[in-house]
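Student: Structure provided below as structure tokens; questions to follow.
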Amino acid sequence: MATNTITESATTPAEFRPEGAAGKVWEALTANPATSLTTIAEAAGVSRPTATKALTGFAESGHAIRTPGGRTDKGRPLPDTWSPATQTDALVSSDTEVSIEPEVPATPEATETPDQDASALLDDGLTATPTMSVQDAMRILEQEADRRAVAEAELARAQAEEEARRQQAAQALAKARMIEDSRRALTDLLQAVTTTYAALLADDETAFATGLETIYTGTADVRKAARVTQPKATGTTTAWGSSRGDRNAPRPLRPDVLTHLIKHPDLAFTANEIAKVLGRSSGAVANALDTLVNNGEAELVSERPNRFRMAQPQDA
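Put into structure tokens, the structure is as follows:
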């Protein structure tokens, strides 16, 4: 059997003062004896490889002792522990010969198995990066799909409400413009009638003739201002269904029907019900309602009997 002679200086742990990162590891080792590599590395604020290198150097110089961790009752590997060497451990006289079996110097890489490293991580409260299971991923995708559906429905509802608000505002603006234009046209017509009447009483033929022309023009302006919409003319018939040359045509009906529907946006009426309110024939009102439906200004909500209401914004 071969024998090796180990000669160490009589340096005590208290006199051992390494510098740099090794000094931090030494301070952590002396402050936390009999602890694992991971605990010492965390206490020193260095990486595991740096702590391993420093502790190995301490062990080789006789300033630290490494104790194998062994296994638990259930066979689970335990991490090795490190402790600073005492004066008795560190001091070996030069006159003493120690007979030892030749062996390969122990290193953390040679003695610490992957299982021991993993156990040390778990024992020190460190866990591996969590992985996501397929079930978790599917659940997240389902939740995201539900969220998107709710968000799309909410956006569509908000858009529909905004469109309805704009439509109501446009209708209110059109009505206000019609009223203002009608008032101006009627005022101008009243002035023309008064002036023409005065010319007639004064036997002023020139002023009377001029006044009549003004009255004709003012009458046309009043008819134009009273229109809520500007329908297209077809053939020789105007938008109101009367001949262009018929000066005695009845008052337009469709604007009155639309105005009645606008006043009651949430109600539906038959042609006969609207005719009674307006004092017009139910047939004429029915024709006006059909035209309003074709123009998209009204909608048919039920049949037998047919009931109509103001056009509602499309549901999203």
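Position in the sequence shown counted from 1, then plus 48, gives you our numbering. All residues carry an ideal CB built from backbone N, CA and C; glycine is no exception.
May I have the straight-line CA-CA distance separating A255 from A233, to the nearest angstrom?
Tutor: A255 and A233: Cα-Cα distance of roughly 20 Å.
Student: Leaving out five residues on either side along the sequence, give the residues of the same chain with a beta carbon under 6 Å from the beta carbon of W74.
Tutor: Closer than 6 Å at the Cβ level, and outside the excluded window around W74, lie P66.
Student: I need the straight-line Cα distance from A217 to K223, nearest angstrom please.
Tutor: If I take the Cα positions, the gap works out to 10 Å.
Student: Can you tell me the Cα-Cα spacing of H111 and Q183, whole angstroms?
Tutor: For H111 and Q183, the distance between alpha carbons rounds to 53 Å.
Student: Answer with buried or exposed for T244, where buried requires no fewer than 16 other C-beta atoms within 10 angstroms of its C-beta.
Tutor: Burial call: buried.
Student: Using 10 angstroms around the beta-carbon of D304, count the other beta-carbons present and answer buried if the total reaches 16, otherwise exposed.
Tutor: Result: buried.
Student: I'd like to check one pair, T129 with A79: are the Cβ atoms closer than 7 Å?
Tutor: No; because the gap between Cβ atoms is not below 7 Å, this pair is not in contact.
Student: Using three-state DSSP, classify G93 as helix, strand or coil.
Tutor: The answer is coil: DSSP assigns G93 none of H, G, I, E or B.
Student: Suppose you measure from the CA of D40 to the CA of A257; what does that come to, to the nearest Å?
Tutor: Since the first residue of the chain shown is 49 and the last is 364, residue 40 is not available in this structure.
Student: Please return the same chain residues whose Cβ sits closer than 7 Å to the Cβ of M358, not counting the five positions on each side in sequence.
Tutor: Around M358: L309, I310, P313 and A346.
Student: What are the partner residues of A112, as DSSP defines its beta bridges?
Tutor: Note: A112 sits in a beta bridge opposite P132.
Student: Would DSSP call A102 helix, strand or coil?
Tutor: Three-state result, A102: helix.
Student: Give the single residue among G266, S230 and Q219 whose Cα lies nearest to the Cα of V241.
Tutor: Per the Cα distances, G266.
Student: Terminal residues of the continuous alpha helix (DSSP H) containing R213?
Tutor: That run of the alpha helix (DSSP H) goes V182 to L249.
Student: Write down the C-beta distance between P132 and L85 rounded to the nearest angstrom, noting that I regard them as a contact closer than 8 Å.
Tutor: The pair is not a contact, with the Cβ atoms about 14 Å apart (cut-off 8 Å).
Student: Among residues of its own chain, excluding the 5 on either side of R328, which ones have a beta-carbon nearer than 7 Å to its beta-carbon?
Tutor: Excluding positions up to five away in sequence, the list reads L301.
Student: How would you call L170, buried or exposed, if buried means at least 16 neighbouring beta carbons within 10 angstroms?
Tutor: Annotation note: pLDDT 49 at L170 (below 50); position unreliable, coordinate value reported separately. It is exposed - the Cβ of L170 has fewer than 16 other Cβ atoms within 10 Å.
Student: For L103 versus G117, is the C-beta spacing smaller than 7 Å?
Tutor: Result no, Cβ atoms of L103 and G117 do not sit closer than 7 Å.
Student: Assuming S230 and A274 form a contact by the criterion Cβ under 8 Å, report the distance between their Cβ atoms to the nearest whole angstrom.
Tutor: About 6 Å; that satisfies the 8 Å criterion.
Student: Compare the C-alpha of Q239 against each of T262, E90 and E228 and name the closest.
Tutor: Nearest option by C-alpha distance: T262.
Student: Just to confirm my understanding: we take R355, look at its own chain, exclude 5 residues before and 5 after, and list those with CB closer than 6 Å. What are they?
Tutor: Around R355: A316, T318 and V349.
Student: Which residues bound the alpha helix (DSSP H) around L315?
Tutor: Counting along the chain, L315 falls outside any alpha helix (DSSP H), and DSSP gives it neither H nor E.
Student: Do R96 and A107 have their CB atoms nearer than 7 Å?
Tutor: For R96 and A107, no; Cβs fall outside 7 Å.
Student: Report all residues from its chain with a CB closer than 6 Å to the CB of G293; omit the five preceding and five following residues, and keep chain order.
Tutor: Annotation note: pLDDT 45 at G293 (below 50); position unreliable, coordinate value reported separately. Hits under 6 Å: none found.
Student: DSSP on L126, reduced to helix/strand/coil?
Tutor: DSSP places L126 in coil when its eight states are reduced to three.
Student: Checking the sheet assignment: what are the DSSP bridge partners for T83?
Tutor: According to DSSP, which records beta bridges pairwise, T83 is partnered with W130.
Student: Measure from the alpha carbon of N342 to the alpha carbon of each residue in L306, R352 and A323, then state which is nearest.
Tutor: Nearest of L306, R352 and A323 to N342, Cα basis: L306.
Student: So A99 and I88 are in contact, right, with Cβ under 8 Å, and what is the actual spacing, rounded?
Tutor: Indeed they touch by this definition, with Cβ atoms about 5 Å apart.
Student: How many angstroms separate the CA atom of R205 from the CA atom of V94?
Tutor: Going from the Cα of R205 to the Cα of V94 covers about 58 Å.
Student: Looking at C-alpha atoms only, which residue of K101, G105 and K72 is the closest neighbour of A92?
Tutor: Checking every option, the nearest Cα to that of A92 belongs to K72.
Student: Compute the beta-carbon to beta-carbon distance between L237 and V270, rounded to the nearest angstrom, for a pair I have assumed lies under 8 Å.
Tutor: Right, their Cβ atoms sit about 6 Å apart.
Student: Going by DSSP in three states, R355 sits in which element: helix, strand or coil?
Tutor: Strand.
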